[in-house]
Amino acid sequence: MSNLDRKWILHDECPEGVRNKLGRWRDETVLQQLFWNRNINNEADAMKFVLHQISHDTDPYLLIDMTKAVERIFDAIDNKELIVIYGDYDVDGVTATTVLKEGLDMYGADSLMFIPDRNREGYGIHSHVIKQFVEQGVKLIVSVDCGVTAIDEVDFANKSGIDTIITDHHQISDDMPQAYAIINPNRSDCNYPDKNLVGVGLAYKLVEALVIKRTPYKNNVELDDLLQLVALGTVADLGVLRGENRVMVNNGLKNINKKPRLGIKTLLESAYKKGDVSTDTIGFQLGPRINAAGRMGDPSVALNLMISDNESEAVTISQVLEKYNRDRQKITREMTKQAVDLCKFDTGKQEPYVLLIESPGFHKGLVGLIASRLCEYYYRPTIIGHRVDGFITASARSIKEFNIIESLEQCSHLFERYGGHPLAAGLTMSESKWASFVSLFEEIAKKQLEGLDLRPVLHIDCEVNGLDLTSRLTKQLEFFEPIGNGNNRPLFVWYGANVVTKKQVGQDKSHIKLMLDDGAGVILDAIGFGLGYKIDDLGSTIDLVFSLEINEWNGKKSRQLNLQDLRPHGV
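Under the numbering used here, the residues of the sequence shown are numbered 3 to 573, in order.
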């Protein structure tokens, strides 16, 4: 958590007219406010949200080029052509590859899976890999979670007699590859109502379209089972958890908690995770372990786990991923310290508008993680690069005030390749062009960010007091699950809370634990991770921003305030 002062921004109060339209909960003012904050303004929409119902048509054939893609795939299956599923090495790419592989297997397709090595090939489709496909007799490539920028590579595939179907959710320009079909809801000519599907979601929609068109030959794969993979990939890729994504993730989590797929089951066991699996479980336990394969070793290890139906094999692979993850954690700590030293961010001087750091000592597979940490810590757009063999491969992370991909487009003449989203991107350039890039990008950042209050923001749903924090409210907060990007965990502010006890906890005393009086003599526990440094500033009365959660310890459940920030009352 950042040590920078945070801005507390309290949401506008729910209008009386909207409260009347949410009359089912007329006595639940906090709940009404939470609905209003999420643009849920009437009882009908609120019930759809609570019941995880989708308001729009989800027919996969509304995705442009879906019909062409399905027909070409069935043509390949019927003619026994070799199909390659070309994926990516992150969780979204691995799960998307698995989903499509199992979907094609339902029809007895002759198919192979390929995931590029982060260190050897890097992200995306590559011509030298296509050459290998030509030698293998491949006739059709179906990409998942990549491909929209592979203009030259698709041209090479076309000249080599290989058709390409691209399924990708990344931002796409009107200058598209000349592929046989391109399935991407962000195409300007695509009318699919939900633009937030990630790579695994699109792979699932493709399988769904296949099943609608033709009954599978093999019935050993259930679409509901594939939703477990959709949940993993969507949450790990920070897909927006509204609309179709939220419903698919909810159903996937239900299936995981009912009967997890073998690979998920053994991965949970290796992480010593007990109890229900939530989006937090995916984000903090499952996702990092799957990603560790691509970051620290061979991404096919994670892929093999996802498709495994042999328990002994799955246990062994899960143990390998556990080791990868421990190694990743150790190196990440070392790299973070090095990057902090290199960035020379000194709050006593003119603070930079952007952090641009490269080093041959950085692990290529971890630069994205380091960029994310520094971006969060300093609240600045951050680009971390790994230098080797005359090239710099970098990951970029940004803040909401700065569209990183649009800004990188202004420097595109300096790059070998680049791509991404408004908040995250990747790029590769010649080492000789780094200085020019730094100069240009710092100027771009200054023009956009100069004069802005660059502090991390806590968007607070509503003000409460201790007496509002009932077991009933805690239960009602389950309405908003699954929690994640675009459907954030509700945050509350409590002004003037009475502190009963306070202490620093954790091995390095970096966390703070409080006991608070709710105003009626009931003691509430509160924990603030990374907030231990604030303890000396706190008196007997404080203001705090927090989420209300259930803490489970030794089989017992209790309410707990998860502190996001705190300060002396009235400051």
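Beta carbons: idealized from backbone N, C-alpha and C, even for Gly.
Check                                                                                                                                                                                              : Outcome
Evaluate Arg-474 with the Cβ neighbour count: other Cβ atoms within 10 Å of its Cβ, from every protein chain shown; 16 or more gives buried, anything less gives exposed.                          : exposed
Note down the Cα distance separating Ile-292 from Gly-19, rounded to an integer number of angstroms.                                                                                               : 47 Å
Considering only C-alpha positions, which residue in the set Leu-323, Asn-306 and Lys-558 is nearest to Gly-299?                                                                                   : Leu-323
Taking the beta carbon of Lys-133 as the centre, do at least 16 other beta carbons fall within 10 Å, making it buried, or is it exposed?                                                           : exposed
Shortest alpha-carbon distance to Ile-214 belongs to which of Tyr-182, Met-108, Asn-188 and Thr-236?                                                                                               : Met-108
Could you tell me which uninterrupted beta strand (DSSP E) segments, each at least 3 residues in length, are contained entirely in the stretch 377-408, listed from first to last along the chain? : 384-390 and 393-399
Roughly how many angstroms lie between the CA atoms of Arg-26 and Arg-491, to the nearest whole one?                                                                                               : 22 Å
Mapping DSSP to helix, strand and coil, what is Met-3?                                                                                                                                             : In this prediction, Met-3 scores a pLDDT of 38, lower than 50, which makes its location untrustworthy; the coordinate-derived value is nonetheless stated afterwards. In the structure shown, Met-3 sits in coil (DSSP, three-state: anything other than H, G, I, E or B).
Whole-angstrom Cβ separation of Leu-550 and Thr-476, contact assumed at under 8 Å?                                                                                                                 : 6 Å
Can you tell me whether Gln-506 is helix, strand or coil according to DSSP?                                                                                                                        : strand
When the cut-off is 9 Å and only beta carbons count, does Ile-127 lie next to chain C?                                                                                                             : Judged by its chain identifiers, the structure shown contains no chain C, having just a single protein chain.
Applying the 10 Å Cβ sphere with the 16-neighbour rule, what's the burial state of Glu-246?                                                                                                        : buried
Would you mind giving the Cβ-Cβ distance between Val-249 and Thr-236, rounded to the nearest angstrom? I have them listed as a contact below 8 Å.                                                  : The pair is not a contact, with the Cβ atoms about 11 Å apart (cut-off 8 Å).
May I ask which residues mark the beginning and end of the alpha helix (DSSP H) holding Gly-572?                                                                                                   : First-last for Gly-572: undefined, no H or E at that position.
Only counting the same chain, and skipping five residues up and downstream in sequence, which positions put a Cβ closer than 7 Å to that of Val-93?                                                : Leu-234, Gly-235, Ala-238, Asp-239, Gly-289, Ile-292 and Asn-293
Three or more C-beta pairs under 8 Å: does that hold for the stretch 175-193 against the stretch 421-434?                                                                                          : no
Taking buried to mean at least 16 other C-beta atoms within 10 Å of its own C-beta, is Ile-319 buried or exposed?                                                                                  : buried
Could you check what DSSP says for Glu-155 in three-state terms: helix, strand or coil?                                                                                                            : helix
Do Leu-358 and Glu-444 count as a contact pair if the criterion is CB distance below 9 Å?                                                                                                          : yes
Residues bridged to Asp-545 by DSSP?                                                                                                                                                               : Arg-569
Given a threshold of 16 other Cβ atoms within 10 Å of its Cβ, counted over all protein chains shown, does Glu-480 qualify as buried or as exposed?                                                 : exposed
Cutting at 7 Å between CB atoms, please list the residues of its own chain near Ala-373, excluding the five before and the five after it.                                                          : Thr-384, Ile-385, Ile-386, Ser-397, Ala-398 and Arg-399
Taking DSSP as the reference, what is the three-state secondary structure of Glu-418?                                                                                                              : strand
Quick one: what does DSSP say Glu-298 is sitting in, helix, strand or coil?                                                                                                                        : Just to set this straight, residue 298 is Met in the shown sequence, not Glu. Three-state DSSP puts Met-298 in a helix.
Buried or exposed: which applies to Ala-499, given that a residue is buried once 16 or more other Cβ atoms fall within 10 Å of its Cβ?                                                             : buried
Using only alpha-carbon positions, find the residue among Val-101, Tyr-420, Lys-141 and Gly-89 that is nearest to Asp-112.                                                                         : Lys-141
Quick check on the DSSP output: what are the complete beta strand (DSSP E) runs of length 3 or more inside the stretch 419-469, in order along the chain?                                          : 426-432 and 459-462
In angstroms, rounded to a whole number, what distance separates the CA positions of Gly-265 and Asn-564?                                                                                          : 31 Å
For Tyr-88, report the span of its beta strand (DSSP E) as first-last.                                                                                                                             : 84-88
If you draw a straight line from the C-alpha of Glu-554 to the C-alpha of Ala-273, how long is it?                                                                                                 : 17 Å
Tell me the residue span of the beta strand (DSSP E) that contains Ser-129.                                                                                                                        : Taken as a continuous stretch (DSSP letters only), Ser-129 belongs to no beta strand (DSSP E), being part of the alpha helix (DSSP H) at 129-138.
Nearest CA to the CA of Phe-286: which residue from Leu-270, Arg-297 and Gly-296?                                                                                                                  : Leu-270
Tell me which same chain residues have a C-beta within less than 8 Å of the C-beta of Leu-460, skipping the five on either side of it?                                                             : Arg-8, Lys-9, Trp-10, Ile-11, Leu-493, Val-547, Gln-566 and Asp-567
Starting from Phe-116, trace the alpha helix (DSSP H) both ways and give me its first and last residue.                                                                                            : Where Phe-116 is concerned, there is no enclosing alpha helix (DSSP H), although the beta strand (DSSP E) it sits in stretches over 113-116.
With H, G and I counted as helix, E and B as strand and the rest as coil, what does DSSP make of Arg-21?                                                                                           : helix
Between which two residues does the alpha helix (DSSP H) holding Glu-313 run?                                                                                                                      : 313-345
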